[in-house]
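J.: I'd like to ask you about the structure that follows.
Laid out in structure tokens, this is it:
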């Protein structure tokens, strides 16, 4: 918490999990959303990779952490804003969330992730216009919705 940085939910894939199963697990752990709260619109075809700067590398139980490879999913929220529950797990990772215009996250994320965000959003953009079935649920309370990208503020 209190890092004043923004990113999308993300996480590792456990042994025996598919990328889709891991995405649903991480979505529930990090933002409290269940599979019935979202619809998958698309995913990246290939793994996207980034390396962290040398001063960010660290050792964990799997060895030296130097970056990630990721499959990205584009989701449509079919639930309501109040379904987002950042304190759903015993170890919350985010302080806050907000709606943004689609491309804002490429500027809001930490520098070394910008290129992978750009690549993912470019590839996933084509799915936005194919989703004509969406009917927005009524809000839980009045809010200012600015666009389809969900940003989350990181915890330390």
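In our numbering, the protein residues as written are 18 to 173.
The beta carbon of each residue, even a glycine, is placed where N, CA and C say it ideally should be.
For residue 33, which three-state DSSP category applies?
T.: Here residue 33 refers to the residue found at position 16 when the chain shown is read from its first residue. In the structure shown, residue 33 sits in coil (DSSP, three-state: anything other than H, G, I, E or B).
J.: For chain B, find out if any of its Cβ atoms is closer than 8 Å to the Cβ of residue 23; answer yes or no.
T.: This model lacks chain B altogether, as it is built from one protein chain only.
J.: Is it the case that the Cβ atoms of residue 64 and residue 86 are separated by a distance below 8 Å?
T.: Looking up residue 64 in the chain shown gives position 47. Looking up residue 86 in the chain shown gives position 69. In contact: residue 64 and residue 86 (Cβ atoms closer than 8 Å).
J.: Should residue 35 be labelled buried (16 or more other beta-carbon atoms within 10 Å of its own) or exposed?
T.: On the chain shown, residue 35 is found 18 positions in, with the first residue counted as 1. Exposed.
J.: Check whether the Cβ atoms of residue 137 and residue 89 sit closer than 8 Å, and answer yes or no.
T.: By 1-based counting over the chain shown, the position of residue 137 is 120. By 1-based counting over the chain shown, the position of residue 89 is 72. Yes; because the gap between Cβ atoms is below 8 Å, this pair is in contact.
J.: Would you say the segment 56–72 touches the segment 22–32, given that touching needs at least three Cβ pairs under 8 Å?
T.: Too few Cβ pairs lie closer than 8 Å, so no.
J.: Can you tell me where the alpha helix (DSSP H) with residue 124 in it begins and where it stops?
T.: Mapped onto the chain shown, residue 124 falls at position 107. Start and end: 122–125.
J.: Which class does residue 58 belong to by DSSP, given the choice of helix, strand or coil?
T.: Locating residue 58 in the chain shown gives position 41, counting from the first residue. Strand at residue 58.
J.: Tell me which residues share the same chain as residue 105 and place their Cβ nearer than 6 Å to its Cβ, disregarding the 5 neighbours each side in the sequence.
T.: As a working mapping, residue 105 is identified with position 88 in the chain shown. Excluding residues within five positions, the ones whose Cβ falls inside 6 Å are 49.
J.: Residues in the same chain with beta-carbon distance under 8 Å from residue 123, minus the five sequence neighbours each way, listed in chain order, please.
T.: Sequence index remark: in the chain shown, residue 123 carries index 106 (1-based). Cβ neighbours of residue 123 beyond the five flanking positions: 131, 134, 135, 138.
J.: DSSP three-state label for residue 130, please.
T.: Position 113 of the chain shown holds residue 130. Reduced to three states, the DSSP call for residue 130 is helix.
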